[in-house]
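To start, the structure under review is shown below, and the notes come after it.
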Amino acid sequence: MKLNESVMELKMFLLVLGLLVGTGSPDMGSSQGKCSESLVQGPQTQENRTHTTHSKKPFPVLSFGYDYVRLPFEISLWVLLASLMKLGFHLMPRLSSIVPESCLLIVVGLLVGGLIKLVGEAPPVLESNIFFLYLLPPIILDAGYFLPIRQFTENLGTILMFAVVGTLWNAFFVGGLLYGVCQLEGHRLVTVDLLSCLLFGSIISAVDPVAVLAVFEEIHINELLHILVFGESLLNDAVTVVLYHLFEEFSSVGTITVTDVLLGIVCFLVVSLGGIVVGAIYGILAAFTSRFTSHTRVIEPLFVFLYSYMAYLSAEVFHLSGIMALIACGAVMRPYVEANISHKSHTTIKYFLKMWSSVSDTLIFIFLGVSTVAGPHEWNWIFVVATLIFCLVARVLGVVGLTFVINKFRIVKLTSKDQFIIAYGGLRGAIAFSLVYLLNTDHFPKRNMFLTAIITVIFFTVFVQGMTIRPLVDLLAVKKKQETKRSINEEIHTQFLDHLLTGIEDICGHYGHHHWKDKLNRFNKKYVKKCLIAGERSKEPQLIAFYHKMEMKQAIELVESGGGSKLPSAMPSTVSMQNIQPKKPPQDRALPQLSKAREEEIRKILRTNLQRTRQRLRSYNRHTLIADPYEDGWNEILIKRKKMKELEKKISQMNNYLTVPAPPPDSPTIARARLASGEMAGKNISFSYFYPQAWGLKSATESIPSIKVDLASPQSPESVNIVDEIGMKGSQPKVSEEGGGLTMKVPSPTKPRKDQTTDEDNDKEPQQRLMRCLSDPGPAAEEEDEDEPFLH
Amino acid sequence: MGSTNSTLLKIPNVEVLMQETGFSPAHIIRLHDRFKALDKEGRGHLCPHDFGAIKELAMNPIGDRIIGAFFSPGKETVDFHTFVKILAHFRPVDKDRPKEPNSPEPINSRSNKLKFAFQLYDQDKDGKISRDELLQVLRAMLGMQVTDEQLESIADRTIQEADLDRDDAISFEEFRKSLEKINIDHKMSIRFLR
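As you go down the protein sequences, you meet chains A and B in turn. Under UniProt numbering, residues 1 to 792 are what the first sequence spells out, in order. Under UniProt numbering, residues 1 to 194 are what the second sequence spells out, in order.
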């Protein structure tokens, strides 16, 4: 029950809090602790846990040595708290549908901070270097690696306009007007000079990628708007970095000259392009490295993460834009790395990135809350309110003005609804906070006031704008993201249209978007892919890769769903059925449906046996990944399937094998009984199974060639050995192997992916048998040969 | 603007052309210049050989089809009018045009753009993209690196996905339906032709 769960959640939360505060308090001393490196500071006080007494005391059976683990323990505790909070919110769906996660997390942070303060300790503050070095990169890498390149490049001009011109406009508008207000206000604010105001303006004007991601991900807005706001938040980092350093330098010097301004512009170009170049270099290195990882698949994801992180750090060394480096690295390496790495590594990368970015994101918001309680504040009504108003006004004016200019150059224009969402989605977040935190109090005596103002703006944008954007999106009926995947039709026709438009552009003599894209693609195919993609994959056209991915995905879905009555609409099997009997009336469509249903049932039966067979898994060496035929063998399966189809065509004349009407779908028990009794063996009923999970059976009459496709190798833990479970007709149960069940034998690889399948058995299966229904599980002897290569 | 006017006057029926296609005079002139540049022998019309001289078009996998689209069946030459009319398909759609109920659909409407693309697939002009025609296109786009089996399986799947009336071919309506999610206005427009 939901109520019980929330109560349990609350209890867990309190427990963790208690632990945290309890462990924290003896250690956190009295200081504000700004300068230390650890997350939770506090000099050692009088606590000494290892007593050295002079009197004789008995041997300590149990002692307490907390200092030894203090730092990692507390870090883990914070991360645990963050994760539990995340868990908790999703257990309360009503709350999480109204309030975005980021708001709830900030509130939690406030609570925790308040609690810590109540206890009397100083709450930890979000250290800037921890934020920039550890918390920010995962989020940016996650965003950059999965950046939709196509939309990004199509809208690049718009994004750049918003990022560069928009941020500059915001910075100067806010900074300038604030200066004016400060001057007008008089007594307390007059000390704030122009440079400080401009610096403050530049910090606060940048749209924050973390906040944007956090909010926009929940509202599922259409891709165009998403990429516009998100792209802007990423690219404005360069502007922010340059302006920040510029004004910081100037504030210590005191005066600006025209040369300085020019140098500033040059600096901007250096920072942004330099960051991109650094990122691209590391990306190419990563792609190149991944070319050679076919034998050490376990550490493939590590290369991706390491190279990206190094790109970020290298860019930061030279004060280049680390964010842009990270994005460039991820975007550049992705197509090549994905062509090289295994399916499992791809999944690992995806999930690790999502996990880290999720944890980072949660921690950032919680710490924002805690820092609000902790940080030194100086509240000044006029300044704060003025800041808030100017930020909003600047954003709206900037977006409207820029859209007016941009729409002259766009084919698909931005409507006023779009403009509203773009303006409204300009959220500020933790980056601004950290940047202010880094300010030197000597140069900026009003730093605390800045801090307060920034926190207020952040809270306002995250809470008010974050909470209201979802109902507003619904109210304005903004187009939402289309959930459906691309169909092969769309893929083919899109490529066709690309070629068409390139051709037309050539005829017109116009070197437009398509022309350059085509040139880039050609260059890519000719030179780059050869270097960076291993083996034969480099020649694989994109369409083929897409098609295979689609088929693979569908096949895996089918296997995993096992028993789902809803089947994907475009089944290869129905295709083959259609092709075999093109003239048959629609009644034949019943045939594959029924066989599918039966198939699913049997699969379900076998799957339940999987639990028992799991115990028989041999211990494995954790350094060797058992080659999973699910990923590497699928290509062969697909080719085999096509061959089967052709064979079917040839045999289609033999009526007794293809046109027998299927018996009605049985319940699992009946199916089981039927199998057990081998009832089918005698009949000449056969279905054609074109799924990977069909098993080949020895036909009673060997004269008919048939195709046998088995699934998963015996070693794969997911495989279920039919032979074992049904155990009939004298086939010995394969107790020696791990995992019984459906065994897939990987047929001889016809696709030239030999380097990928070296450790699979390339046993040639010359016979092709027509697939029949399941009675005799068939010979299991062939599976034996697959044992050896896998384990070493 | 003396030179533009004089150029415009040289082109016969230029007003009709501008009305039909929606191009502005500046565009017509630009296209006329391009036409003249392609028409190296100055005959006033283009033949396939002139198109073939465009280097990048030769490298385009469907280059020959595109060239073929300019020549109406039976005709060996392309005059300026036809040239402009074909290119008018790729003008960005004018969203603000008033919709007169009796006027014919503009050449650059979404539907006409799709029809143009459809005709490029459908070489034998029977109104359907048969499996063979699809295979030809796939073979052209994918080159020699792909085996016949793979091509056929892709073609099969494509037809199976799009084919709603089960006639093993893709009609124009099915073609249009399969592309309904794609922003054709964007994908089939060349910006400078606005």
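Where is the CB? At the ideal position from N, CA and C, for every residue including glycine.
The C-beta distance from A/L177 to A/S251 rounds to 19 Å, too long to fall under 8 Å, and the pair is not in contact. For B/A88, there are no neighbours in chain A by C-beta distance under 7 Å, as the nearest C-beta there is about 11 Å away. Shown here for A/L451: same chain residues with a beta carbon closer than 6 Å to its own, the five before and five after excluded, namely G375 and V436 in chain order. If the five residues before and after A/V337 are omitted, its C-beta is found closer than 7 Å to the C-beta atoms of A286, A287, S290 and V304, all from its own chain and listed in chain order. For A/Q482, the chain B residues whose C-beta falls within less than 8 Å of its own C-beta are K181, listed in chain order. For the 8 Å CB-CB criterion, B/I159 and B/L138 do not form a contact. Cβ atoms of A/L147 and A/G330 come within 8 Å of each other, at about 7 Å. If you draw a straight line from the Cα of A/L168 to the Cα of A/L156, it comes to about 18 Å. The C-beta distance from A/Q482 to B/K181 rounds to 6 Å, short enough to meet the 8 Å contact threshold.
Here DSSP, grouped into helix, strand and coil, assigns B/I67 to helix.
A check of alpha carbon separations from B/Q145 across A/G175, A/L543, A/R486 and A/T257 identifies A/L543 as the nearest. Judged by DSSP in its simplified three-state form, A/K480 adopts strand. For A/F131, the closest alpha carbon among the candidates A/V359, A/W381 and A/A534 is that of A/V359. The segment 183-229 of chain A is shown to contain whole alpha helix (DSSP H) runs of 4 or more residues at 194-204 and 209-219, in chain order. Non-local beta-carbon contacts of B/F35 in its own chain, meaning distances under 6 Å to residues more than five positions away in sequence, involve F80 and F83 in chain order. Contacts with chain B (Cβ-Cβ distance below 7 Å) from the segment 306-335 of chain A involve no residue at all. By the neighbour-count criterion, in which a residue is buried when 16 or more other Cβ atoms sit within 10 angstroms of its Cβ, A/V210 is buried.
By the Cβ rule, the segment 215-232 of chain A counts as touching the segment 418-426 of chain A, because three or more pairs are nearer than 8 Å. Its chain contains L17, I28, H32 and F80 as the residues whose beta carbon lies nearer than 8 Å to that of B/I11, once the 5 sequence neighbours on both sides are disregarded; these appear in chain order. If you ignore the 5 residues before and after A/L306, its C-beta comes within less than 6 Å of no other C-beta in its own chain. Minimum Cα-Cα distance from B/K125 among the listed residues B/R30, B/S109 and B/A169 corresponds to B/A169. Contact of B/Q150 with chain A by beta-carbon distance below 7 Å involves I544. Each residue's CA atom was taken as its position, placing A/Y66 and A/T362 some 27 Å apart.
With fewer than 16 other CB atoms across the displayed protein chains lying within 10 angstroms of its CB, A/F404 is exposed. By the neighbour-count criterion, in which 16 or more other beta carbons inside 10 Å mark a residue as buried, A/W516 falls on the exposed side.
At least 8 Å separates the CB of B/H49 from every CB of chain A. Taking a Cβ-Cβ cut-off of 8 Å, the neighbours of A/E505 in chain B comprise I190, given in sequence order. With respect to the C-alpha of A/M324, the residue from A/P60, A/G512, A/F463 and A/N236 having the closest C-alpha is A/N236.
Per the coordinates, the alpha-carbon of A/F433 lies some 21 Å from the alpha-carbon of A/I75.
In the structure shown, A/V332 adopts helical secondary structure according to DSSP, grouped into three states. Within the UniProt domain "EF-hand" (150-185) of chain B, the runs of alpha helix (DSSP H) at least 4 residues long that lie entirely inside it are, in chain order, 172-178.
Taking one beta carbon from each stretch, the segment 399-414 of chain A and the segment 90-102 of chain A have fewer than 3 pairs nearer than 8 Å; the two do not touch. When 8 Å is used as the limit between beta carbons, A/V412 is near these residues of chain B: N183, D185 and H186, in chain order. Between A/R470 and the set A/K350, A/V317 and A/A214, the nearest pair of CA atoms involves A/A214. Taking A/V271 as reference, the option from A/E316, A/E232 and A/H377 with the minimal CA-CA separation is A/E316. Cβ-Cβ separation between A/D418 and A/L246: approximately 32 Å, too far for a contact (criterion under 8 Å).
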